[in-house]
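Novice: To start, I am sharing the structure in question, which I have written as structure tokens.
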Amino acid sequence: LDLKGSDLEKLADLGQGNGGSVEKVKHVPTGTIMAKKSVLIDAKSSVRKQILRELDIMHECNSEYIISCYGSFIEDPNVCTCIEFMDKGSFDGIYKSYGALPVEVVGRVAMSVLEGLTYLYDVHRIIHRDIKPSNILFNSEGQIKLCDFGVSGELINSIAHTFVGTSVYMSPERIQGADYSVKSDVWSLGISLIELALGAFPFTDPPDDDDLSDLEEYAGNQQKTPTHRDSFVVSHKTAKRASKRRSKLEFQPDGGLTTMSIIELMHQIVQEPSPRLPEGKFPKEAEELVDACLLKRPEDREAPKSLLYDLGTVEQAAALFELIGAKSLLIAGRTRTALMKPSQCIIPKGSQP
Ligand code: ATP
Ligand code: MG
18 LDLKGSDLEK LADLGQGNGG SVEKVKHVPT GTIMAKKSVL IDAKSSVRKQ ILRELDIMHE
78 CNSEYIISCY GSFIEDPNVC TCIEFMDKGS FDGIYKSYGA LPVEVVGRVA MSVLEGLTYL
138 YDVHRIIHRD IKPSNILFNS EGQIKLCDFG VSGELINSIA HTFVGTSVYM SPERIQGADY
198 SVKSDVWSLG ISLIELALGA FPFTDPPDDD DLSDLEEYAG NQQKTPTHRD SFVVSHKTAK
258 RASKRRSKLE FQPDGGLTTM SIIELMHQIV QEPSPRLPEG KFPKEAEELV DACLLKRPED
318 REAPKSLLYD LGTVEQAAAL FELIGAKSLL IAGRTRTALM KPSQCIIPKG SQP
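Written as structure tokens, this is what we have:
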């Protein structure tokens, strides 16, 4: 397919991230609906061309767990990539409107991401580098696919300076500047799984169980969360608590953390025990899978393939996380008025969604 910007008709805005923006478009000559991602590359045109060559690898990706790609082109000063449109969007949007996801769905996300990572690494020797809910997409056929993986080293270099340079999904070893491996993606998966299972970012304190005013304030704060800044989201509530604990934390008017506090948070990821699912609220297998993803030392943490292969835990988890198809997530469009406690969001074993 010879893609040209002039053949694309914009249908809607799908979202905006730190690195670029995504639109729903129609490729007029073929009538194909696509998602067009534009990334501003503030560099020489030779760099843009190099990026384009590197993005070609995306064409060769052929897996049901990886987003397919129609092609890339330059629209000065942007590099644009047209990818498969996923009509249910990304999992950050899904949990922000649906609330905490049923553990079966979270299990399916885990399996799909592990499959996707295994494919990228085994077949193309690619490490994803940016696993987080906004890069895990869902469609009404019930497919779960990864997007935004690090195919282009040049692209990563070019946008690196526009990023804050860190993300709260980063593994301790990556924060410390040690060697980055596919196991770092496993850490990011662990953080993402807790986020989906609780309906809140794990470094945010959950509200006290029996204090309702607390809960309402918490729900309000969650809605205020700016989606495109999810890298550094901490609610006001946590902010206040944290500032009681550590007087050094500083906050911007929008509730975001200042640079000093980002450093604090990074320090926390490296120094303090890993986040966990609250004990006893989820199946044991789910707790174990998350704990396995969030082992601090990369030497102790398994690679995606062995996590998948380690049937002792994962197959049991698979049985538990019984595939429930797209149906239960189709309700994702429905907005919850209040945030439910995680314990109320779990579908008991054996019950139908
Ligand atoms: P970051 O820039 O930090 O990676 P992000 O992943 O949210 O953040 P983008 O990658 O620019 O930012 O994506 C913006 C939004 O566009 C995503 O959150 C997702 O909801 C939507 N989106 C991206 N690709 C697709 C797609 N293929 N189909 C449907 N929606 C998509
Ligand atoms: Mg993205």
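Using the UniProt record's numbering, read the sequence shown as starting at 18 and increasing by one per residue. All residues carry an ideal CB built from backbone N, CA and C; glycine is no exception. Treat the numbers as computed from the prediction; the structure is a model and nothing was measured.
1) For the stretch 122-193, which segments carrying the alpha helix (DSSP H) assignment without a break, of at least 4 residues, lie completely within its bounds, in sequence order?
2) Would the beta-carbon of leucine 172 be found less than 6 Å away from any heavy atom of the ligand ATP?
3) Go to methionine 75, then tell me how far its alpha helix (DSSP H) extends in each direction, as first and last residue.
4) Using 10 angstroms around the beta-carbon of valine 39, count the other beta-carbons present and answer buried if the total reaches 16, otherwise exposed.
5) Could you please give the first and the last residue of the uninterrupted beta strand (DSSP E) stretch that includes valine 45?
6) Could you round the C-beta distance between leucine 31 and lysine 43 to whole angstroms and report it? I think they count as a contact, below 8 Å.
7) Beta carbon of asparagine 95: closer than 6 Å to some heavy atom of the ligand ATP?
8) When DSSP labels each residue in this structure, what does tyrosine 82 get in the three-state scheme?
9) Would you identify the three-state DSSP class for isoleucine 100, choosing helix, strand or coil?
10) Would the stretch 201-220 count as touching the stretch 286-303 if we require 3 or more Cβ pairs under 8 Å?
11) By the DSSP assignment, the alpha helix (DSSP H) with alanine 217 in it spans what residues?
12) How far does the alpha helix (DSSP H) with glycine 110 in it extend, from its first residue to its last?
13) In this structure, how does DSSP classify leucine 31 when only helix, strand and coil are distinguished?
14) Alpha carbons only, please: which of Lys66, Glu77 and Pro46 is nearest the one belonging to isoleucine 143?
15) Can you grab the Cα-Cα spacing for the pair glutamate 171 / lysine 61, in whole Å?
16) Might you give, ordered along the chain, the residues of its own chain that have their beta carbon closer than 8 Å to the beta carbon of asparagine 95, omitting 5 neighbours on each side?
17) How would you label lysine 21, buried or exposed, when you count the other beta carbons within 10 angstroms and need 16 or more for buried?
18) Return yes when the C-beta of asparagine 152 is under 6 Å from any heavy atom of the ligand MG, and no when it is not.
19) With DSSP as the reference, label lysine 22 as helix, strand or coil.
20) Please tell me whether, using a cut-off of 6 Å, the distance from the CB of alanine 52 to the nearest non-hydrogen atom of the ligand ATP is below it.
21) Buried or exposed: which applies to glycine 207, given that a residue is buried once 16 or more other Cβ atoms fall within 10 Å of its Cβ?
22) Can you tell me whether serine 291 is helix, strand or coil according to DSSP?
23) So glutamate 304 is in the alpha helix (DSSP H); what residue range does that whole segment cover?
24) Give me whichever residues DSSP pairs with methionine 51 in a beta bridge.
25) Examine the Cβ distances between the stretch 44-53 and the stretch 63-74 and report whether three or more of them are shorter than 8 Å.
Specialist: The short version:
1) 170-177 and 189-192
2) no
3) 74-77
4) buried
5) Run containing valine 45: none; DSSP gives neither H nor E here.
6) Actually they are not in contact, since the Cβ atoms of leucine 31 and lysine 43 sit about 13 Å apart, beyond 8 Å.
7) no
8) coil
9) strand
10) yes
11) No alpha helix (DSSP H) holds alanine 217; DSSP gives it neither H nor E.
12) 108-115
13) strand
14) Glu77
15) 12 Å
16) Gly37, Ser55, Val56, Leu57 and Ile58
17) exposed
18) Yes; taking the cut-off as 6 Å, the Cβ of asparagine 152 has a heavy atom of the ligand MG nearer than that.
19) Here residue 22 turns out to be glycine, not lysine, going by the sequence shown. The answer is helix: DSSP assigns glycine 22 an H, G or I state.
20) Within the cutoff, so yes.
21) Classification for glycine 207: buried.
22) Serine 291: coil per DSSP, three-state reduction.
23) 301-310
24) Val42 and Glu101
25) no
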